[in-house]
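Residue numbers (our numbering): 1 to 267.
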């Protein structure tokens with residue numbers, strides 16, 4: 001891939017990974033819309049690593065608390081905020097790992113990578129986000145996250161395995177339904193992305209190891225760096241904007257984009 005192509009893929013992944021507009025949907029559509037080459041698994045892994053580093057850096061204080069609680073969790077004690085946070089993140093990740101593995105081994109991942117599927121999921125789950133954001137309470141804060149709520153958000157996260165749904169979008173939707181404020185909903189969604197991106201990256205890496213070479217490693221490094229910068233910028237901007245605006249602008253984008261894709265798919 002050329003440097004420009006790497007930049008486009010990395011920026012799309014970095015910006016859309018944490019915005020509720022579906023990064024996977026955009027990356028799947030990129031070759032179809034531009035006529036360019038598919039970025040391949042190695043670049044997919046690289047841009048995911050870049051976004052993973054960005055969210056770890058941005059939420060480093062919370063990550064430090066969760067990591068610090070793992071030791072107590074291993075000893076069977078959930079008596080600190082860190083241990084509870086670590087447990088909630090683990091529990092919230094398990095459903096997506098199981099369902100994601102099942103989809104991969106059955107080959108369903110290729111069957112659902114279509115323009116029509118992405119169009120419908122963009123539209124439907126965009127409207128669901130709008131409903132949840134307008135009707136959900138805002139009293140709960142991220143620090144009051146419970147194991148029960150982690151299970152619910154983890155099950156919702158499984159829907160993001162359908163391209164176009166958006167992992168951040170569906171988990172934010174679930175959090176808003178549960179009454180978490182917009183910033184808290186986004187924060188929980190971002191923290192949930194850390195183990196999920198790690199798990200999906202590790203799974204993809206098994207396929208990448210067979211095709212690795214120096215040129216590919218160089219391209220992957222460049223893509224990861226671009227994705228890191230783009231993701232960090234998107235995180236900073238979104239978290240600041242949520243202090244004063246709702247998720248409606250993202251919903252409008254999803255609806256327009258989804259309708260456009262459906263028109264393209266069916267004509």
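No residue lacks a Cβ here, since even glycine has one placed at the ideal position from N, Cα and C.
Asked: Delimiting residues of the alpha helix (DSSP H) encompassing residue 131; Found: 115–135
Asked: Assigned secondary structure, residue 240 (DSSP; H/G/I helix, E/B strand, else coil); Found: helix
Asked: DSSP-derived helix/strand/coil call for residue 176; Found: helix
Asked: Segment limits, alpha helix (DSSP H) that includes residue 257; Found: 248–266
Asked: Collapsed DSSP secondary structure at residue 77 in the structure displayed; Found: coil
Asked: Cβ contact (3+ pairs, closer than 8 Å) linking the region 141–154 and the region 102–119; Found: no
Asked: Beta-ladder partner(s) of residue 140, from DSSP; Found: 180
Asked: Residue 194 versus residue 56 - alpha carbon distance; Found: 7 Å
Asked: Residue 50 to residue 42 span [Cα, whole Å]; Found: 13 Å
Asked: Three-state class that DSSP yields for residue 51 in the structure shown; Found: helix
Asked: Where residue 107 falls: helix, strand or coil (DSSP); Found: coil
Asked: Contact check, residue 199 vs residue 97, beta carbons under 8 Å; Found: yes
Asked: Residue 12 - containing alpha helix (DSSP H), residue span; Found: 3–16
Asked: Proximity test, Cβ basis, 8 Å: residue 252 and chain C; Found: No chain C is present in this structure, which holds just one protein chain.
Asked: CB contact flag (residue 248, residue 125, <8 Å); Found: no
Asked: Whole-number beta carbon distance between residue 66 and residue 298, since they are thought to touch under 8 Å; Found: Since the displayed the chain opens at 1 and closes at 267, residue 298 lies outside it and no answer follows.
Asked: Endpoints, alpha helix (DSSP H) assigned at residue 151; Found: 147–157
Asked: CB-CB length for residue 184 against residue 20, believed under 8 Å; Found: The pair is not a contact, with the Cβ atoms about 15 Å apart (cut-off 8 Å).
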